[in-house]
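Chains R and Y, in that order, give the protein sequences.
The first sequence begins at -3 in the numbering used here and counts up by one.
The second sequence begins at 640 in the numbering used here and counts up by one.
Even for Gly, the Cβ is constructed at its ideal location relative to N, Cα and C.
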Amino acid sequence: DQQVKQNSPSLSVQEGRISILNCDYTNSMFDYFLWYKKYPAEGPTFLISISSIKDKNEDGRFTVFLNKSAKHLSLHIVPSQPGDSAVYFCAASEPGTYKYIFGTGTRLKVLA
Amino acid sequence: NAGVTQTPKFQVLKTGQSMTLQCAQDMNHNSMYWYRQDPGMGLRLIYYSASEGTTDKGEVPNGYNVSRLNKREFSLRLESAAPSQTSVYFCASLQRLNSNQPQHFGDGTRLSIL
């Protein structure tokens, strides 16, 4: 049973446009959500996170939105750049468990 | 500033051989993790160690053992490798000042089992 799901395996976006990556979860106990970016032959690197007490968190071109009632989060990248081309993973954790569950990833391709 | 270091970076094994993947972090982090990444499956948690002296099973622990040797090091052992264990293995660590912290990952070990 997959608790964190990314239903779009891939996404292509023109440079300068908005990229929207989506993630759904089933465990209502999750209280912390993260997005990681992964380039080939490298480990995932942390991008942005959000606590369940918020519904939005911004960091430069990256914004994460959380809709707790729908158990859905999304990552917006504006404007998208070719260097953003990577695989993006969402992850979630329950309070006090120190256990992080990842989604299957979405491969983003930003076209120049 | 090495962060999380994994060795080896690549390994080819024959079915039935044993192997230990090494992971060390120099950030004085409390928690450490082992994940495997397979196409279409994302990152799946194998085992984790919330603190020195403790280890717990993740989503896919079968066929693996772990040792939290000290605060810095967390190893993953395959006692009898199987082709289904061909994967990219990532180690991660977490400071754990409170629960809301991101993990830091190593660059992975690419393991092929023939």
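Check: Given Gly747 of chain Y as reference, the closest of Y:Arg675, Y:Met671, Y:Gly697 once Cα atoms are compared; Outcome: Y:Arg675
Check: Identity of the residue in Y:Ala641, Y:Lys653, Y:Pro678, Y:Ser723 nearest Ala663 of chain Y by Cα; Outcome: Y:Ala641
Check: C-beta atoms of Ser716 of chain Y and Asn701 of chain Y nearer than 7 Å; Outcome: The identity of residue 716 of chain Y in the sequence shown is Arg, whereas the question assumes Ser. Contact: no.
Check: Own chain residues within Cβ distance below 6 Å of Thr725 of chain Y, not counting five before or after; Outcome: Ser751, Ile752
Check: Cβ-heavy atom distance, Thr694 of chain Y to the ligand PLP, below 6 Å; Outcome: Of the ligands one can find in the structure shown there are none, so the ligand PLP has no counterpart to examine.
Check: DSSP-derived helix/strand/coil call for Gln(-2) of chain R; Outcome: coil
Check: Nearest-angstrom Cβ-Cβ length linking Ser4 of chain R and Thr102 of chain R, presumed shorter than 8 Å; Outcome: 5 Å
Check: Minimum Cβ-Cβ distance from Phe29 of chain R to chain Y less than 7 Å; Outcome: no
Check: Backbone CA spacing between Trp111 of chain R and Lys653 of chain Y [nearest angstrom]; Outcome: The question about residue 111 of chain R has no answer here: the residues shown for chain R are numbered -3 through 108.
Check: Inter-residue spacing [alpha-carbon to alpha-carbon] between Asp677 of chain Y and Val727 of chain Y; Outcome: 7 Å
Check: Exposure of Pro647 of chain Y, with buried meaning 16 or more beta-carbon neighbours within 10 Å; Outcome: exposed
Check: Sub-7 Å separation of Phe744 of chain Y and Pro40 of chain R beta-carbons; Outcome: yes
Check: Contacting positions in the region 726 to 753 of chain Y - beta carbon closer than 7 Å to chain R; Outcome: Phe729, Leu733, Arg735, Ser738, Asn739, Pro741, Gln742, Phe744, Gly745, Asp746, Gly747
Check: Continuous alpha helix (DSSP H) assignments of at least 4 residues falling wholly in the region 653 to 690 of chain Y; Outcome: none
Check: From R:Lys95, R:Ala108, R:Leu107, residue whose alpha carbon lies closest to that of Asn23 of chain R; Outcome: R:Lys95
Check: Span separating the alpha-carbon of Gln(-1) of chain R from that of Ala731 of chain Y; Outcome: 20 Å
Check: Per DSSP, cross-strand counterpart(s) of Lys52 of chain R; Outcome: R:Phe61
Check: Proximity test, Cβ basis, 7 Å: Ala689 of chain Y and chain R; Outcome: yes
Check: Three or more C-beta pairs below 8 Å linking the region 69 to 82 of chain R and the region 43 to 58 of chain R; Outcome: yes
Check: Proximity below 7 Å, CB of Ser89 of chain R to CB of Lys105 of chain R; Outcome: no
Check: For Gln607 of chain Y, the three-state DSSP class (helix, strand or coil); Outcome: The requested residue 607 of chain Y is not part of the displayed model; chain Y covers only 640 to 753.
Check: Residue-level contact to chain R via CB, Gly692 of chain Y, 7 Å cutoff; Outcome: no
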